[in-house]
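From first to last, the protein sequence lines stand for chains A and B.
Under the numbering used here, the first residue of the first sequence carries the number 1, and numbering increases by one thereafter.
Under the numbering used here, the first residue of the second sequence carries the number 224, and numbering increases by one thereafter.
We treat Cβ as the ideally placed atom computed from N, Cα and C, and that holds for glycine.
Here is the structure we will look at, set down as structure tokens.
There are 2 protein chains.
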Amino acid sequence: MNFTSTEENYIKQIYHLQQEKERVNTNSLAAEMKTRPASVTDMLKKLKNKKLLQYERYRGFKLTEPGKKIALGIVRKHRLWEFFLANKLGFEWDKVHVIAEELEHVSSDELISRLDLFLGNPSFDPHGDPIPDRNGKIPQVKQLNLLSLPLSQQATVSSVTNQTGEMLDMLKHYGIGLGTVLRIIKRFDFDGSLEIRVAKQPPCIITEQVAKNVFVHYAKNTT
Amino acid sequence: MNFTSTEENYIKQIYHLQQEKERVNTNSLAAEMKTRPASVTDMLKKLKNKKLLQYERYRGFKLTEPGKKIALGIVRKHRLWEFFLANKLGFEWDKVHVIAEELEHVSSDELISRLDLFLGNPSFDPHGDPIPDRNGKIPQVKQLNLLSLPLSQQATVSSVTNQTGEMLDMLKHYGIGLGTVLRIIKRFDFDGSLEIRVAKQPPCIITEQVAKNVFVHYAKNTT
DNA sequence: AATTAAATTTAGACAAATCTAAAAATAAAT
DNA sequence: ATTTATTTTTAGATTTGTCTAAATTTAATT
Ligand SMILES: [Mn+2]
Ligand SMILES: [Mn+2]
Ligand SMILES: [Mn+2]
Ligand SMILES: [Mn+2]
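The structure is reproduced here in structure tokens:
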């Protein structure tokens, strides 16, 4: 079956909201879609008709299995295009999302499989988010918030949740990007800020606000 | 100003029809757009309102200068994406058009200028059609129909007008592609077919029907 | 010049996606 | 257990792009 861009955007957003809350409600979806609850209700009926949504009025809703499959396909396209934009065209990570928001709706399956191959079957997008494979399987990495990283445990930056230009600016200043290796030297309980060593640079201090948006991972048996 | 995909498709198609006939008429545009004349009339009014079209009812129409600028921008995007699909993702030329038909509507200007750079600022798409530059300037090559090529004049294949899979199949069989060097050995007046030598292969015979879709160019002072 | 044919436009309707305003259902507070 | 507040849905309107059928204009024939 074929879906409109609008339907796809709704499906994808429902999927993202489901990741946080088992069941999604009308108002929060309306907020995310920057539209009115009444419009959301209309779309919910349509998606229910197409068997993509479990939905009873006033009771909240969530994607069916077919619906989730569709959602994962769109997420896959979105993140592959983001990877392309960042790694082939040289866009900064804070610019890729808006453009991928359009590219994700281009409908050719062969386009995506060729793009995937061309990019070298990447597993993570420029924000560190996992790219589902053609079957919808998502690579799982046990991530850890930088705030919870044990003292002096060396770790690699794997994703950043705040993907704005301001955050990008800040991290660039510190020399932090995806794949950057760092460790915590000292924790200041006064305001929660951290003294960290980024790669081989001299130590620096970052605020709790920055740290809570940075996720890292590390192998269990590495110092 | 911003235009819908539908508006862009109309504008582009009007541009293409104008290349053949100074003034375009409703029925031929309807045929190209696979829609009804009544729908075309509706769109003509809208484009006239937006100052993109010179149009008086029953009198035919053509793009204004601003309209032509828009059209060239869309043609540029379409052909750059076709180039990308063919030369980076490895699509055959008969598959790229349909996909580019969607990609051409992705709206970011920076995307196109970066894509252009990434592709090496190509001048021709996979069908040999010229790619307008960012100012809408089209590289002019004096092309010649293969039927009009003087006997034994060596020439290079520069474009093919019939861009179907069947034609691609046929040309592949003859070893003909864009950039292929060939010359005519003999002209058969009986049915208009041509004996040609493709590159260094043994001579072969192609029908008038094939030849009339193939365009070539050659330097004036080359044998 | 009058008639016939072809091309084009208008009138009115419809589907998709949106909105506002009002009604209905559910949840929270007294 | 009522009342009040919040959430959600319905009703009805709007915009975009499409359609069919009928009316109008232009072109072609007699
Ligand atoms: Mn989108
Ligand atoms: Mn992303
Ligand atoms: Mn198109
Ligand atoms: Mn082309």
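Next on the checklist: Would A/Val216 and A/Val141 qualify as a contact pair, given that the criterion is a beta-carbon distance under 8 Å?
Outcome noted: By 1-based counting over the first sequence, the position of residue 216 of chain A is 216. By 1-based counting over the first sequence, the position of residue 141 of chain A is 141. It is not a contact, given that the beta carbons lie outside the stated cut-off.
Next on the checklist: So if DSSP puts B/Lys285 in a beta bridge, which residue, or which two residues, is it bridged to?
Outcome noted: Position 62 of the second sequence, counted from the first residue, corresponds to residue 285 of chain B. B/Gln277, per the DSSP bridge assignment.
Item to check | Nearest-angstrom Cβ-Cβ length linking B/Glu305 and B/His320, presumed shorter than 8 Å | outcome: Stepping through the second sequence from its first residue, residue 305 of chain B is reached at position 82. Stepping through the second sequence from its first residue, residue 320 of chain B is reached at position 97. Contact flag correct, Cβ pair sits at about 7 Å.
Next on the checklist: Quick check: does the Cβ of A/Asp129 come within less than 7 Å of any heavy atom belonging to ligand 2?
Outcome noted: Numbered from 1 along the first sequence, position 129 holds the residue referred to as residue 129 of chain A. Result yes, Cβ under 7 Å from ligand 2.
Checklist entry - So B/Gln377 packs on B/Arg406, CB below 8 Å; how close in whole Å? => result If you number the second sequence from 1, residue 377 of chain B lands on position 154. If you number the second sequence from 1, residue 406 of chain B lands on position 183. About 5 Å separates the two Cβ atoms, so the contact holds.
Next on the checklist: Does the CB of B/Ile354 have a neighbour CB from chain A at under 8 Å?
Outcome noted: Translated into the one-based positions of the second sequence, residue 354 of chain B becomes position 131. By this cut-off, B/Ile354 is not an interface position.
Item to check | Nearest neighbour of B/Asp412, chosen from B/Ile237, B/Leu308, B/Leu370, B/Pro362 [CA to CA] | outcome: In the second sequence, residue 412 of chain B corresponds to position 189, counting from 1. Among B/Ile237, B/Leu308, B/Leu370, B/Pro362, the Cα nearest to that of B/Asp412 is on B/Leu370.
Item to check | Nonlocal neighbours in the same chain, by C-beta distance under 7 Å from B/Phe314, ignoring five residues either side | outcome: For the purposes of this step, residue 314 of chain B is identified with residue 91 of the second sequence, where counting begins at 1. So the list reads Leu308, once near-sequence residues are dropped.
Checklist entry - When the Cα atoms are used, what is the spatial distance from B/Pro353 to B/Phe347? => result Here the question's residue 353 of chain B lines up with position 130 in the second sequence. Here the question's residue 347 of chain B lines up with position 124 in the second sequence. One C-alpha to the other measures close to 4 Å.
Checklist entry - Skipping 5 residues on each side, what residues in its chain have a beta carbon closer than 7 Å to that of B/Gly402? => result As a working mapping, residue 402 of chain B is identified with position 179 in the second sequence. Counting only Cβ-Cβ distances below 7 Å, and skipping sequence neighbours, we find Thr379, Val380.
Checklist entry - Just reading off the beta strand (DSSP E) that B/Lys409 is part of, what are its end residues? => result Walking along the second sequence from the start, residue 409 of chain B turns up at place 186. Looking at the DSSP string, the run of the beta strand (DSSP E) that includes B/Lys409 is 404 to 410.
Item to check | A/Leu171 versus A/Asp191: straight-line alpha-carbon distance, rounded | outcome: Position 171 of the first sequence, counted from the first residue, corresponds to residue 171 of chain A. Position 191 of the first sequence, counted from the first residue, corresponds to residue 191 of chain A. Whole-angstrom Cα-Cα distance: 19 Å.
Next on the checklist: Could you check whether B/Lys285 and B/Arg246 sit closer than 8 Å to each other, using their CB atoms as the reference points?
Outcome noted: As a working mapping, residue 246 of chain B is identified with position 23 in the second sequence. As a working mapping, residue 285 of chain B is identified with position 62 in the second sequence. Against a cut-off of 8 Å, the Cβ pair of B/Lys285 and B/Arg246 comes out as a contact.
Checklist entry - Quick one: does the C-beta of A/Asn9 sit closer than 7 Å to a heavy atom of ligand 1? => result Translated into positions along the first sequence, residue 9 of chain A becomes position 9. Yes, the Cβ of A/Asn9 comes within 7 Å of a heavy atom of ligand 1.
Checklist entry - Any C-beta of chain A sitting closer than 8 Å to the C-beta of B/Lys311? => result In the second sequence, residue 311 of chain B corresponds to position 88, counting from 1. Yes, its Cβ sits closer than 8 Å to a Cβ of chain A.
Checklist entry - Do we get a CB-CB distance below 8 Å when we pair B/Phe341 with the residues of chain A? => result Walking along the second sequence from the start, residue 341 of chain B turns up at place 118. Yes - at least one Cβ of chain A is within 8 Å of the one on B/Phe341.
Item to check | Separation of A/Leu151 from A/Ile185, as counted between CA atoms | outcome: Mapped onto the first sequence, residue 185 of chain A falls at position 185. Mapped onto the first sequence, residue 151 of chain A falls at position 151. A/Ile185 and A/Leu151: Cα-Cα distance of roughly 6 Å.
Checklist entry - Is it buried or exposed for A/Lys12, if we count other Cβ within 10 angstroms and need 16 for buried? => result The sequence position of residue 12 of chain A within the first sequence is 12, counting from 1. Its Cβ being crowded by 16 or more others within 10 Å, A/Lys12 is buried.
Checklist entry - With respect to 7 Å, is the separation between the Cβ of B/His328 and the closest non-hydrogen atom of ligand 3 below this value? => result For this step, residue 328 of chain B is matched to residue 105 along the second sequence. Yes, the beta carbon of B/His328 sits closer than 7 Å to at least one heavy atom of ligand 3.
Next on the checklist: Does A/His105 come out as helix, strand or coil in the three-state DSSP assignment?
Outcome noted: By 1-based counting over the first sequence, the position of residue 105 of chain A is 105. Coil at A/His105, not helix or strand.
Next on the checklist: Considering only DSSP beta bridges, list what B/Asn368 is partnered with.
Outcome noted: Taking the first residue of the second sequence as position 1, residue 368 of chain B is located at position 145. Note: B/Asn368 sits in a beta bridge opposite B/Phe438.
Item to check | B/Ile322, DSSP secondary structure in three states | outcome: The count along the second sequence starts at 1 and reaches residue 322 of chain B at position 99. Helix, per DSSP.
Next on the checklist: ligand 6 and B/Ser228: does any heavy atom of the ligand fall closer than 7 Å to the residue's C-beta?
Outcome noted: The model depicted lacks ligand 6 and carries ligand 1, ligand 2, ligand 3 and ligand 4 instead.
Checklist entry - Which chain B residues are close to A/Ile112, counting only those with a beta carbon under 7 Å from its beta carbon? => result Here residue 112 of chain A is taken as the residue at index 112 of the first sequence, counted from 1. The contacting residues do not exist; A/Ile112 stays about 10 Å from chain B at best.
Checklist entry - Along chain B, in chain order, which residues have C-beta atoms closer than 8 Å to that of A/Leu115? => result In the first sequence, counting from the first residue as 1, residue 115 of chain A sits at position 115. Residues of chain B passing the Cβ test: Leu312.
Checklist entry - From A/Lys46, A/Ala219, A/Pro139, A/Gly175, pick the residue whose C-alpha is nearest to that of A/Ile206; which is it? => result Mapped onto the first sequence, residue 206 of chain A falls at position 206. Ranking A/Lys46, A/Ala219, A/Pro139, A/Gly175 by Cα distance to A/Ile206 puts A/Gly175 first.
Checklist entry - Should A/Glu110 be counted as a contact of ligand 3 given a C-beta to heavy atom distance under 7 Å? => result The residue given as residue 110 of chain A occupies position 110 in the first sequence. Flag unset: Cβ of A/Glu110 not near ligand 3.
Checklist entry - If you drop the 5 nearest sequence neighbours on each side, which residues of the same chain put their C-beta closer than 8 Å to that of B/Gln424? => result Taking the first residue of the second sequence as position 1, residue 424 of chain B is located at position 201. Same-chain partners within the cutoff: Gly398.
Checklist entry - Can you give the Cα-Cα distance for B/Val421 and B/Lys311, rounded to whole angstroms? => result Here residue 421 of chain B corresponds to residue number 198 of the second sequence, with the count starting at 1. Here residue 311 of chain B corresponds to residue number 88 of the second sequence, with the count starting at 1. Computed Cα separation, rounded: 26 Å.
Item to check | Contacting positions in the stretch 312 to 330 of chain B - beta carbon closer than 9 Å to chain A | outcome: Leu312, Gly313, Phe314, Lys318, Val321, Ile322, Glu325, Leu326, His328, Val329, Ser330
Item to check | Cβ-Cβ separation, B/Leu340 to A/Val106 (assumed contact under 8 Å), whole Å | outcome: Mapped onto the first sequence, residue 106 of chain A falls at position 106. Mapped onto the second sequence, residue 340 of chain B falls at position 117. Wrong, their Cβ atoms sit about 21 Å apart, outside the cutoff.
Item to check | alpha helix (DSSP H) segment containing A/Ile14, residue limits | outcome: The sequence position of residue 14 of chain A within the first sequence is 14, counting from 1. Counting along the chain, the alpha helix (DSSP H) containing A/Ile14 begins and ends at 5 to 20.
Item to check | Burial state of B/Pro355, where buried means 16 or more other Cβ atoms lie within 10 Å | outcome: For this step, residue 355 of chain B is matched to residue 132 along the second sequence. Buried: at least 16 other Cβ atoms inside 10 Å.
Checklist entry - Would the beta-carbon of A/Arg79 be found less than 7 Å away from any heavy atom of ligand 2? => result Numbered from 1 along the first sequence, position 79 holds the residue referred to as residue 79 of chain A. Checking the Cβ of A/Arg79 against ligand 2 gives yes.
Checklist entry - Under a CB-based cut-off of 8 Å, is A/Ala71 close to chain B? => result In the first sequence, counting from the first residue as 1, residue 71 of chain A sits at position 71. Taking Cβ atoms only, chain B never reaches closer than 8 Å to A/Ala71, which makes this a no.
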